[in-house]
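If you're matching positions, the sequence shown starts at 3 in the working numbering and goes up one per residue. Input: a single structure, listed below in structure tokens.
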Amino acid sequence: MSSPYTVVLIVPTGIGAAMGGFAGDALPIARAVAASCDRLITHPNVMNGAQLYWSMPNALYVEGYALDRFAAGAWGLQPVRRNQVGIVFDRSIPDDLRVRHLQAADAARATLGLDLVDYVVTDQPLGVELRTAASGASWGTIEQPDSLLRAVDKSISVAGAEAIAVIARFPDDPGATILHDYRHGVGVDPLAGAEAVISHLVVRTFKVPCAHAPALSPLPIDPEISPRSAAEELGYTFLPCVLVGLSRAPQFIATPTASGTGIWQDEVDAVIIPESACGGSGLLNFARSSRAKIITVAENQTRMAVTPKDVRIQSIGVRSYLEAIGVITVDRAGMSLDEFSTANRSTPGVSLTLVDSRSLIVDREHLPRGIGDPTY
């Protein structure tokens, strides 16, 4: 019997991805990929849709730092039936906004049956600050990281949490240009980079699943909001999708378990990522240390400019996610990708250039005028 066909879907956060750079707008992609493979491994930026979510039984919700460790072969993923989820609140969240989030947690417990432990409040305001890099990517800092870590430690050691949802107070600036652009479907998510800093710190320190839900005051109504950012306009909290994801997020293991049910890097068959976002350590580790096919998607443009050629990795370039799904469908069936293109057929007057071990493209400089458009 063949092993489960495993796909990793990556859309890095805070880099203005055309698909996956907004509020849950990569979920349709994740649903389609999950339907085309046996196991999907992806991360909160792909799965989170504020108050909207979609449960996929074969999808594993893995925080970004943990995904990097998995790609390096340092950590394995242990699927679970459920996690007890702890919520950590930033002390600077106003009482009324905290109540709204607690009501969201109660609703998740009552309607979805999630296992939530007692919440913890940090002993100091975390002091989240937002930044934008020269590239246009968002990032951020927290002034009191030790306060966050103390609260997480209490949630785990006292309340019994097995996964952590952090709710931090983020700056409110409804008139900011970057926020206006994001709400209207262009630009970069101004919160995403700082959210990643928070979850990375928790996962690196405690080695438990973690995701972040920002606490923000409701924004003024704008009838021109882009559908891609509309999920964040629905209410006071982004917490529901985080709780759902963490409730069955895999635990992290450093060595194989006796049951042999852990998932390791060398079991990954394919990695799908935007073509211009190939500079991350996780992707580089997958490319250099595993048998996984790297599939890059040109249509998902980002603010980054690191292509497979720039980092000298072999990849299968496709135009769209529909084509990426075609690639994994063919590979999962055990067939050669070359048989689905005319590029592997010799034609007089046409030279062929090998671009990687699996695909051939036409050298356009040796073609007559008007010939050479790619065949898909």
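Each residue gets a CB set at the ideal place from its N, CA and C atoms; glycine is no exception. For clarity, every value in this text was computed on a predicted model and none was experimentally measured.
Rounded C-alpha distance that separates G237 from A19: Taking the sequence shown and counting its residues from 1, one reaches residue 237 at position 235. Taking the sequence shown and counting its residues from 1, one reaches residue 19 at position 17. Distance between the alpha carbons of G237 and A19: 24 Å.
S4 versus T344 - alpha carbon distance: Against the sequence shown, residue 4 aligns to sequence position 2. Against the sequence shown, residue 344 aligns to sequence position 342. Distance between the alpha carbons of S4 and T344: 29 Å.
Other residues of its chain near M58: CB distance less than 8 Å, five sequence neighbours each side excluded: Counted from its first residue, the sequence shown places residue 58 at position 56. Excluding positions up to five away in sequence, the list reads A32, R33, A36 and L42.
Per-residue burial, P242 [other beta carbons within 10 Å of its own, 16 or more giving buried]: To locate residue 242, count along the sequence shown from 1; it is residue 240. Burial call: buried.
Beta-carbon gap between N302 and M21 smaller than 8 Å: The sequence position of residue 302 within the sequence shown is 300, counting from 1. The sequence position of residue 21 within the sequence shown is 19, counting from 1. Yes, Cβ-Cβ distance for N302 and M21 is below 8 Å.
Spatial neighbours of L286 in its chain, beta-carbon cut-off 6 Å, leaving aside the 5 residues before and after: Position 284 of the sequence shown, counted from the start, is the residue given in the question as residue 286. Same-chain partners within the cutoff: there are none.
Selection from A68, A170 and G162 that minimises the alpha carbon distance to L99: Looking up residue 99 in the sequence shown gives position 97. Of the listed residues, the one whose Cα sits closest to L99 is A170.
DSSP state of V35 mapped onto helix, strand, coil: One-based indexing of the sequence shown puts residue 35 at position 33. Helix, per DSSP.
Per-residue DSSP class, three states only, for I223: Taking the first residue of the sequence shown as position 1, residue 223 is located at position 221. DSSP places I223 in coil when its eight states are reduced to three.
Contact between the region 274 to 291 and the region 90 to 110 (3+ Cβ pairs under 8 Å): no
Inter-stretch contact at 8 Å, needing at least 3 Cβ pairs: the region 256 to 276 / the region 104 to 122: no
Three-way DSSP call (helix, strand, coil) for P276 in this model: As a working mapping, residue 276 is identified with position 274 in the sequence shown. Here P276 sits in strand by DSSP.
Per DSSP, the bridge partner or partners of A143: Here residue 143 refers to the residue found at position 141 of the sequence shown. Here residue 143 turns out to be Thr, not Ala, going by the sequence shown. DSSP lists E131 as partners of T143.
Check whether H214 and E234 have beta carbons under 8 Å apart: Locating residue 214 in the sequence shown gives position 212, counting from the first residue. Locating residue 234 in the sequence shown gives position 232, counting from the first residue. Going by C-beta atoms, H214 is not nearer than 8 Å to E234.
Per DSSP, the bridge partner or partners of I200: Here residue 200 is taken as the residue at index 198 of the sequence shown, counted from 1. Answer is none; I200 lacks a bridge partner.
C-alpha distance - T15 paired with L132, whole-angstrom precision: Numbered from 1 along the sequence shown, position 13 holds the residue referred to as residue 15. Numbered from 1 along the sequence shown, position 130 holds the residue referred to as residue 132. In a straight line, the C-alpha of T15 is about 14 Å away from that of L132.
E145 classed as buried or exposed, judged by whether at least 16 other C-beta atoms fall within 10 angstroms: Translated into the one-based positions of the sequence shown, residue 145 becomes position 143. Counting Cβ neighbours within 10 Å, E145 comes out exposed, since fewer than 16 surround it.
DSSP state of Y7 mapped onto helix, strand, coil: Translated into the one-based positions of the sequence shown, residue 7 becomes position 5. DSSP places Y7 in coil when its eight states are reduced to three.
Between the CA atoms of T331 and T298 - distance to the nearest angstrom: What you label residue 298 is simply residue 296 of the sequence shown in a count that begins at 1. What you label residue 331 is simply residue 329 of the sequence shown in a count that begins at 1. Straight-line Cα distance between these residues: approximately 15 Å.
Own chain residues within Cβ distance below 6 Å of R185, not counting five before or after: Reading the sequence shown from its first residue, position 183 is the one you call residue 185. Cβ within range, chain order: I227 and S231.
Burial state of D155, where buried means 16 or more other Cβ atoms lie within 10 Å: Numbered from its first residue, the sequence shown carries residue 155 at position 153. It is exposed - the Cβ of D155 has fewer than 16 other Cβ atoms within 10 Å.
Nearest-angstrom Cα separation, counted from A68 out to Q267: The sequence position of residue 267 within the sequence shown is 265, counting from 1. The sequence position of residue 68 within the sequence shown is 66, counting from 1. Cα-Cα distance, rounded: 12 Å.
T44 (DSSP reduced to helix, strand or coil): Stepping through the sequence shown from its first residue, residue 44 is reached at position 42. DSSP places T44 in strand when its eight states are reduced to three.
With 16 other Cβ atoms within 10 Å as the buried cut-off, status of R115: Mapped onto the sequence shown, residue 115 falls at position 113. Here residue 115 is Gly; the residue named in the question, Arg, does not match the sequence. Classification for G115: exposed.
Rounded Cβ spacing between P216 and A251 (contact assumed at less than 8 Å): For this step, residue 216 is matched to residue 214 along the sequence shown. For this step, residue 251 is matched to residue 249 along the sequence shown. Rounded, the Cβ-Cβ distance is 19 Å, inconsistent with contact.
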